[in-house]
Amino acid sequence: MEIVILPSAAEVGVLAARKIARVVRDKPDAVLGLATGSSPLAIYAALAEQTRDGSLDVSRVSAFALDEYVGIPAEHPESYAAVIAREVTGPLHLDPAGVQVPDGRAVDLEAAGERYEEAIRAAGGVDLQILGIGANGHVGFNEPTSSFASRTRIKTLTERTRSDNARFFDSADDVPTHCLTQGLGTIMDARELLLVAQGPAKAAAVAAAVEGPVTSMCPASILQHHRRATIMVDEDAAARLTLGDYYRWTYAHKPSWQQF
Numbered sequence: 006m007e008i009v010i011l012p013s014a015a016e017v018g019v020l021a022a023r024k025i026a027r028v029v030r031d032k033p034d035a036v037l038g039l040a041t042g043s044s045p046l047a048i049y050a051a052l053a054e055q056t057r058d059g060s061l062d063v064s065r066v067s068a069f070a071l072d073e074y075v076g077i078p079a080e081h082p083e084s085y086a087a088v089i090a091r092e093v094t095g096p097l098h099l100d101p102a103g104v105q106v107p108d109g110r111a112v113d114l115e116a117a118g119e120r121y122e123e124a125i126r127a128a129g130g131v132d133l134q135i136l137g138i139g140a141n142g143h144v145g146f147n148e149p150t151s152s153f154a155s156r157t158r159i160k161t162l163t164e165r166t167r168s169d170n171a172r173f174f175d176s177a178d179d180v181p182t183h184c185l186t187q188g189l190g191t192i193m194d195a196r197e198l199l200l201v202a203q204g205p206a207k208a209a210a211v212a213a214a215v216e217g218p219v220t221s222m223c224p225a226s227i228l229q230h231h232r233r234a235t236i237m238v239d240e241d242a243a244a245r246l247t248l249g250d251y252y253r254w255t256y257a258h259k260p261s262w263q264q265f
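Letter by letter, the sequence shown follows residues 6 to 265 of the working numbering.
Right, here's the structure in full:
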């Protein structure tokens, strides 16, 4: 993994957007994997700015969201379909038909997961998957003890995750208890992974994912086995990394042809 430590959360968003933009310029019909939550919002804002000033053309890009709540009404502002439409599809002027979200309202959720897997395969796979990380180390909604081989499926959210997400809802009781999420095996199939994290609340999870053992108790630790995974964090999220100084030195001395 490449670990990039940046001075601020805003700079994480800007640099991550630059990396994504390079992927799109190299492959104009790239397939992106979209994360929700607060961590990637600065990325989407920076990408939208590039599309507005004409420096980036995403007209041929398609995308797949990581997850969706189960049972939440489609019109609910915190359904991930609504969040993706509001924060990504609209601002980047993507074709809504090319942006897919797991169907958390399906009668048969197992079949819905299988259809989502098939749709990803039919699109040629994900070129770059954007990820956040939960305070308990989850990526997507793959909570601790999720199988590293898992595919898109229903998961029960931990109370920690529901508590962390309660800020998006009127009441903690309104946070759904289940979700439909891409599995860790699905995520690892992406050709490139980009995980972003900001703030002191993510420091322990980042350290466990990057420097701890590969264990299902920290699902994000599986990224250590991906051949092209980049972790971008601000100083607060990097606070518990043992080799922080080494990561800073390495990034400062990247050859020009490796920079983005």
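Using N, Cα and C, we set each Cβ at its ideal position, and we do this for glycine too.
Closest residue to Leu71 among Val28, Ala124, Leu52 (Cα-Cα distance): Your numbering for residue 71 matches position 66 in the sequence shown. Comparing Cα positions, the closest option is Ala124.
Look at the Cβ atom of Gly118, then the Cβ atom of Leu185, and state whether they are nearer than 8 Å. Translated into the one-based positions of the sequence shown, residue 118 becomes position 113. Translated into the one-based positions of the sequence shown, residue 185 becomes position 180. In this structure, Leu185 lies closer than 8 Å to Gly118 by Cβ.
Three-state secondary structure (DSSP) at Asp108? The residue given as residue 108 occupies position 103 in the sequence shown. Under the three-state reduction of DSSP, Asp108 is assigned to coil, being neither helix nor strand.
My guess is that Val93 and Tyr49 are in contact by the Cβ rule of under 8 Å, so how many angstroms apart are they, rounded? Along the sequence shown, read from residue 1 onward, the residue named residue 93 stands at position 88. Along the sequence shown, read from residue 1 onward, the residue named residue 49 stands at position 44. Between Val93 and Tyr49 a beta carbon distance of about 5 Å is seen, short of the 8 Å cut, so the two are scored as contacting.
Which residues in the same chain as Gly145 place their Cβ atom closer than 7 Å to its Cβ, once the five residues preceding and following it in sequence are excluded? To locate residue 145, count along the sequence shown from 1; it is residue 140. Cβ neighbours of Gly145 within its own chain (closer than 7 Å, five residues either side excluded): Leu71, Asp72, Thr186, Gln187, Ile192.
For Pro78, which of Val29, Val180, Leu228, Thr56 has the nearest alpha-carbon? Position 73 of the sequence shown holds residue 78. Taking only the C-alpha atoms, the option nearest Pro78 is Val180.
Residue closest to Val276, alpha-carbon to alpha-carbon, out of Val238, Glu148, Arg65, Val131: Given that the chain is displayed from residue 6 to residue 265, the structure contains no residue 276 and the question cannot be resolved.
For the beta strand (DSSP E) that Arg158 lies in, which residues bound it at each end? Counted from its first residue, the sequence shown places residue 158 at position 153. Boundaries of the beta strand (DSSP E) harbouring Arg158: 158-161, taken from the DSSP string.
Less than 8 Å between the CB atoms is what I'm expecting for Ala234 and Ala208, so what's the real figure, rounded? By 1-based counting over the sequence shown, the position of residue 234 is 229. By 1-based counting over the sequence shown, the position of residue 208 is 203. About 19 Å; that fails the 8 Å criterion.
What three-state label does DSSP hand Phe69 in the structure shown? Counting from one through the sequence shown, the residue named residue 69 turns up at place 64. The answer is strand: DSSP assigns Phe69 an E or B state.
Could you say which of Ile159, Asp100, Phe69, Leu136 lies nearest to Gly129 if we only look at CA atoms? The residue you call residue 129 lines up with position 124 of the sequence shown. Of Ile159, Asp100, Phe69, Leu136, the residue nearest in Cα terms is Phe69.
With C-beta atoms as the reference, is Leu133 less than 8 Å away from Leu46? In the sequence shown, counting from the first residue as 1, residue 133 sits at position 128. In the sequence shown, counting from the first residue as 1, residue 46 sits at position 41. Their beta carbons are not under 8 Å apart, which means Leu133 does not touch Leu46 by this criterion.
CB of Tyr86 within 8 Å of CB of Val201, strictly: Here residue 86 refers to the residue found at position 81 when the sequence shown is read from its first residue. Here residue 201 refers to the residue found at position 196 when the sequence shown is read from its first residue. The sequence shown places Ala at residue 86, not Tyr. Going by C-beta atoms, Ala86 is not nearer than 8 Å to Val201.
Looking at the secondary structure, which residues open and close the beta strand (DSSP E) in which Asp239 lies? Your numbering for residue 239 matches position 234 in the sequence shown. Run containing Asp239: 234-239, per the beta strand (DSSP E) assignment.
My guess is that Ala14 and Asp169 are in contact by the Cβ rule of under 8 Å, so how many angstroms apart are they, rounded? Residue numbering aside, residue 14 sits at position 9 when the sequence shown is read from its first letter. Residue numbering aside, residue 169 sits at position 164 when the sequence shown is read from its first letter. Their Cβ separation, rounded to whole angstroms, is 17 Å, which puts Ala14 and Asp169 out of contact at 8 Å.
Among Ala210, Val112, Leu136, which has the Cα closest to the Cα of Glu197? Looking up residue 197 in the sequence shown gives position 192. Checking every option, the nearest Cα to that of Glu197 belongs to Leu136.
Below 8 Å between beta carbons: does that hold for Leu11 and Met237? Within the sequence shown, residue 11 is the residue found at index 6, counting from 1. Within the sequence shown, residue 237 is the residue found at index 232, counting from 1. It is a contact, given that the beta carbons lie within the stated cut-off.
Please report the distance separating the alpha-carbon of Arg172 from that of Val219. As a first step, residue 172 must be located in the sequence shown, where it is residue number 167. As a first step, residue 219 must be located in the sequence shown, where it is residue number 214. Straight-line spacing of the CA atoms in Arg172 and Val219 works out to 30 Å.
Indicate, with yes or no, if the ligand GTP has a heavy atom lying under 7 Å from the CB of Asp239. Among the components of this structure there are no ligands whatsoever, and the ligand GTP is therefore not found.
Compare the beta carbon distance of Arg110 and Gly139 with 8 Å and say whether it is the shorter of the two. Along the sequence shown, read from residue 1 onward, the residue named residue 110 stands at position 105. Along the sequence shown, read from residue 1 onward, the residue named residue 139 stands at position 134. No, the pair does not count as a contact, with Cβ atoms beyond the cut-off.
Where does Tyr251 land, buried or exposed, given buried means 16+ other C-beta within 10 angstroms? Translated into positions along the sequence shown, residue 251 becomes position 246. When all chains shown are included, Tyr251 counts as exposed.
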